[in-house]
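Letter by letter, the sequence shown follows residues 511 to 808 in our numbering.
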Amino acid sequence: MWSGILPAVTAKFTPNDTLDIKEMERCFAYQISAGVDGIIVNGSLGEGPMLSHDERLDVLHVAKSVAGGRPVLMTIADAATRDCASLAERAAKAGATGLMIVPSLVYHTNPKETVATLSTIAAAADLPVMIYSNRIAYRVDVTLEIMDELAADKRFVAIKESSDDIRRTTEIINRFGDRYDVFTGVDNLAFEALAAGAVGWVAGLVVAFPEETVAIYRLMKAKRYDEALALYRWFRPLLDLDVSTYLVQNLKLVEALVTGTTEMVRAPRLPLEGARRAEVEKLVAEALANRPLLAKAA
């Protein structure tokens, strides 16, 4: 159902800590103009858990307004299944193309609870679902056995594979074939996952470098692996910033330095400062100084 580059876009805030609708329109449109294949709103990078449900729906509306018919997925991530189901239902009514569901944010569910949570949320919206499998950040591993149990429900169409174990991509494909659309959700494993058969990339650094992210994907699909690998190696120091406790601050700073947007985050997060900020600024300066010319790919 889905494939390609799906940016996990960032939320934009005014100095008064309200959503900056105009700036989100500009930044989301920049992604679309670069050729991405859809948009995912309110994920980890989008600070979704820091937004009210009304704010998350506002971000969804912005994305839909600029997406040009491309898929717009709403991330569902709350502590209580009841609240997740309520938001999922509202997202469906607001026109979301599908959902990306985080199994549990606070309480670390066991396999039975994980299946029940995902199934309840999917039923509330009756939309196609991408399961966000991230045992590193959220401590809930959506295992092959859980995927097997959910496979009978046709609403579950995709997996965002973020286990940090590149073997998992092959294991999913070996077990399920094309039953699930497998996306990589780890920026600095994207080349490896696409080479192993992933059909898409839920990307983070794409917010600052959409053309390069799209180019890597298209080169991989065209089997122009050497060209894709050269571009990926240039990109890799920045991609490593996605795998960090400070991924939101890291990527918002990169986005601000490259595209001129704001880096404001919602508390309790604070913008980067000191040595950590200087390191990100250095990486961006080096990347821009050595930014490659992009090859055309079908």
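Just so it is clear, CB atoms sit at the ideal spot from N, CA and C, and this is done for glycine as well.
### Backbone CA spacing between valine 764 and threonine 528 [nearest angstrom]
Within the sequence shown, numbered from 1, the residue matching residue 764 stands at position 254. Within the sequence shown, numbered from 1, the residue matching residue 528 stands at position 18. Approximately 21 angstroms, taken between the alpha carbons.
### Task
Per DSSP, which residues does aspartate 547 bridge with? Please list them.
On the sequence shown, position 37 is the one that residue 547 refers to. The partner list for aspartate 547 (beta bridge, DSSP) is empty, contrary to what the question assumes.
### Task
Measuring alpha carbon to alpha carbon, tell me which of Asn644, Tyr742, Val716 ends up nearest valine 768.
The residue you call residue 768 lines up with position 258 of the sequence shown. Minimum Cα distance to valine 768 is reached at Val716.
### Task
Let me know if valine 546 comes out buried or exposed under the rule of 16 or more other beta-carbons within 10 Å of its beta-carbon.
In the sequence shown, counting from the first residue as 1, residue 546 sits at position 36. Flag for valine 546 reads buried.
### Query
Touch check for the segment 630-647 and the segment 595-602: three-plus C-beta pairs under 8 angstroms?
yes
### Task
Would you kindly work out how many angstroms separate the C-alpha atoms of valine 572 and serine 643, rounded to a whole number?
The count along the sequence shown starts at 1 and reaches residue 572 at position 62. The count along the sequence shown starts at 1 and reaches residue 643 at position 133. Whole-angstrom Cα-Cα distance: 26 angstroms.
#### Entry: Contact set for alanine 647: own chain, Cβ-Cβ below 8 angstroms, skip 5 residues either direction
In the sequence shown, the residue the question calls residue 647 occupies position 137. Answer for alanine 647: Ser554, Ser672, listed in chain order.
### Message
Which of the three DSSP states is assigned to isoleucine 682 in this structure?
### Response
For the purposes of this step, residue 682 is taken as the residue at position 172 of the sequence shown. Note: isoleucine 682 maps to helix in three-state DSSP.
### Query
What are the start and end residues of the beta strand (DSSP E) that includes tyrosine 742?
Working through the sequence shown from its first residue, we reach residue 742 at position 232. Not the beta strand (DSSP E): tyrosine 742 falls in the alpha helix (DSSP H), residues 735-749.
### CA-to-CA distance, glycine 578 to phenylalanine 523, given in whole angstroms
To locate residue 523, count along the sequence shown from 1; it is residue 13. To locate residue 578, count along the sequence shown from 1; it is residue 68. Rounded to whole angstroms, phenylalanine 523 to glycine 578 spans 24 angstroms at the Cα level.
### Task
Report the partner residues of tryptophan 711 according to the DSSP bridge assignment.
As a working mapping, residue 711 is identified with position 201 in the sequence shown. DSSP, once it has assigned bridges, lists Ile515, Thr694 as partnering tryptophan 711.
### Query
If we count the other Cβ atoms within 10 Å of its Cβ and call it buried at 16 or more, is glutamate 796 buried or exposed?
Locating residue 796 in the sequence shown gives position 286, where the first residue counts as 1. So glutamate 796 counts as exposed.
### Helix, strand or coil at methionine 534 according to DSSP, with G and I counted as helix
For the purposes of this step, residue 534 is taken as residue 24 along the sequence shown, with counting starting at 1. Of the three classes helix, strand and coil, the one that applies to methionine 534 here is helix, per DSSP.
#### Entry: beta strand (DSSP E) segment containing threonine 585, residue limits
For the purposes of this step, residue 585 is taken as residue 75 along the sequence shown, with counting starting at 1. 582-586 is the extent of the beta strand (DSSP E) around threonine 585.
### Message
Could you check whether the segment 619-626 touches the segment 650-666, counting it as contact only if at least three pairs of C-beta atoms, one from each stretch, sit closer than 8 angstroms?
### Response
yes
### Query
Using a Cβ-Cβ cut-off of 7 angstroms (strictly less than) and excluding sequence neighbours within five positions of glutamate 783, which residues of its own chain qualify?
In the sequence shown, counting from the first residue as 1, residue 783 sits at position 273. No residues qualify anywhere along the chain.
### Query
Where does lysine 603 fall in DSSP's three states?
For the purposes of this step, residue 603 is taken as residue 93 along the sequence shown, with counting starting at 1. Residue state, collapsed to three classes: helix.
### Message
Under 8 angstroms, Cβ to Cβ, is there at least one residue of chain C near alanine 518?
### Response
The question asks about chain C, but that chain is absent: this structure has only one protein chain.
### Message
Can you tell me which residues form a DSSP beta bridge with serine 643?
### Response
One-based indexing of the sequence shown puts residue 643 at position 133. Paired residue(s): Glu671.
### Query
What residue from Lys762, Ala725, Arg746, Glu722 has the CA that sits closest to leucine 699's CA?
Residue 699 sits at position 189 when you count from the first residue of the sequence shown. Minimum Cα distance to leucine 699 is reached at Arg746.
### Query
With which residues is phenylalanine 523 paired in a DSSP beta bridge?
Position 13 of the sequence shown holds residue 523. Paired residue(s): Leu529.
### Query
Over what stretch of residues does the beta strand (DSSP E) that includes leucine 555 continue unbroken?
On the sequence shown, residue 555 is found 45 positions in, with the first residue counted as 1. Leucine 555 -> no beta strand (DSSP E), and no H or E assigned at all.
### Task
Measure the C-alpha to C-alpha separation of valine 712 and isoleucine 515 and round it to an integer number of angstroms.
Here residue 712 refers to the residue found at position 202 of the sequence shown. Here residue 515 refers to the residue found at position 5 of the sequence shown. Cα to Cα, valine 712 sits roughly 6 angstroms from isoleucine 515.
### Task
With a 10 Å radius around its C-beta and 16 neighbouring C-beta atoms as the bar for buried, classify aspartate 530 as buried or exposed.
The count along the sequence shown starts at 1 and reaches residue 530 at position 20. Buried, because 16 or more other Cβ atoms sit within 10 Å of the Cβ of aspartate 530.
### Message
Buried or exposed for arginine 678, going by 16 or more other Cβ atoms inside 10 Å?
### Response
In the sequence shown, the residue the question calls residue 678 occupies position 168. With 16 or more other Cβ atoms within 10 Å, it is buried.
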